[in-house]
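Peer 1: Using the working numbering, the letters of the sequence shown map in sequence onto residues 162 to 295. Let me begin by handing over the structure; questions about it come next.
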Amino acid sequence: MSFQPVFELFWEKVKESIENHTYAKLTLAKTIGDTELKNIYVRPVLLENDVFSLSVTERYKTEEIESFHTLDEAFIILAPYVNNPFLTALLFTTENDITFKLNKKRVGTIIEQPPTFKNASDVILEMKVKGIKI
Numbered sequence: 162m163s164f165q166p167v168f169e170l171f172w173e174k175v176k177e178s179i180e181n182h183t184y185a186k187l188t189l190a191k192t193i194g195d196t197e198l199k200n201i202y203v204r205p206v207l208l209e210n211d212v213f214s215l216s217v218t219e220r221y222k223t224e225e226i227e228s229f230h231t232l233d234e235a236f237i238i239l240a241p242y243v244n245n246p247f248l249t250a251l252l253f254t255t256e257n258d259i260t261f262k263l264n265k266k267r268v269g270t271i272i273e274q275p276p277t278f279k280n281a282s283d284v285i286l287e288m289k290v291k292g293i294k295i
């Protein structure tokens with residue numbers, strides 16, 4: 162069984178957290194072996210004219226590359242990194258921490274734990290105040 166449907170479910174939780182103004186941050190981590198790419202961080206930003214976007218920062222051993230994408234584009238960009246090289250995606254919200262994990266057999270699971278963050282991302286809070294929807 163492919164882990165992709167489980168990652169899609171995880172991504173729905175990412176969308177919900179943004180829509181519900183509870184999103185704090187998202188990180189892809191725990192690589193397979195020693196890779197050039199160490200982490201990917203996803204944070205919300207408001208571009209010109211209060212256009213919602215996601216900043217995707219790829220952190221390599223020697224550099225960082227930042228790009229901006231819509232929610233749907235970010236999924237398309239991040240999905241190929243799951244299992245190559247990342248085994249874990251961590252979504253931090255004010256309601257709970259949601260972890261997508263791949264085990265040794267590459268079976269995906271979603272685990273929910275108590276929240277690490279008390280406050281949503283500053284951009285998410287600004288969106289709530291301004292009434293900006295995604």
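Each residue gets a CB set at the ideal place from its N, CA and C atoms; glycine is no exception.
Extract the residue ranges of the alpha helix (DSSP H) inside the region 230 to 255, only unbroken runs of 4 or more that lie entirely within it.
Peer 2: With a minimum length of 4 residues, the continuous alpha helix (DSSP H) runs that stay inside the region 230 to 255 are 232 to 239.
Peer 1: Return the chain-ordered list of same chain residues with a C-beta closer than 6 Å to the C-beta of Ile201, the five sequence neighbours on each side being excluded.
Peer 2: So the list reads Leu189 and Glu219, once near-sequence residues are dropped.
Peer 1: Provide the residue span of the alpha helix (DSSP H) that contains Glu219, from first to last.
Peer 2: Taken as a continuous stretch (DSSP letters only), Glu219 belongs to no alpha helix (DSSP H), being part of the beta strand (DSSP E) at Val212 to Tyr221.
Peer 1: Could you compute how far the alpha carbon of Trp172 sits from the alpha carbon of Val217?
Peer 2: If you take the alpha carbons of Trp172 and Val217, they lie about 15 Å apart.
Peer 1: What is the DSSP secondary structure of Glu180, reduced to helix, strand or coil?
Peer 2: Correct three-state label for Glu180: helix.
Peer 1: Mapping DSSP to helix, strand and coil, what is Pro205?
Peer 2: Residue state, collapsed to three classes: strand.
Peer 1: State the Cα-Cα distance for the pair Asn280 and Val203, rounded to the nearest angstrom.
Peer 2: Roughly 16 Å between the two C-alpha positions.
Peer 1: Just to confirm, is the Cβ distance from Ile293 to Pro205 under 8 Å?
Peer 2: No, these two residues do not count as a Cβ contact at 8 Å.
Peer 1: Taking the alpha carbon of Glu256 as the point to measure from, which residue in Gln165, Val167, Ala235 and Ala185 has its own alpha carbon closest?
Peer 2: For the residues Gln165, Val167, Ala235 and Ala185, the minimum Cα distance to Glu256 belongs to Ala185.
Peer 1: May I ask you to list the residues that DSSP assigns as paired with Gly269?
Peer 2: In DSSP, Gly269 forms a bridge with Leu263.
Peer 1: Suppose you measure from the CA of Lys289 to the CA of Asn181; what does that come to, to the nearest Å?
Peer 2: Roughly 9 Å separates the two Cα atoms.
Peer 1: What did DSSP end up calling Lys186 once you bin it into helix, strand or coil?
Peer 2: If DSSP states are grouped into helix, strand and coil, Lys186 belongs with the strands.
Peer 1: How close, in whole Å, do the beta carbons of Ile259 and Leu252 come, if the pair is a contact with beta carbons under 8 Å?
Peer 2: With a Cβ gap of about 4 Å, Ile259 and Leu252 count as contacting.
Peer 1: Inspect the beta-carbon positions of Phe164 and Asn245 and report whether they are closer than 8 Å.
Peer 2: Contact: no.
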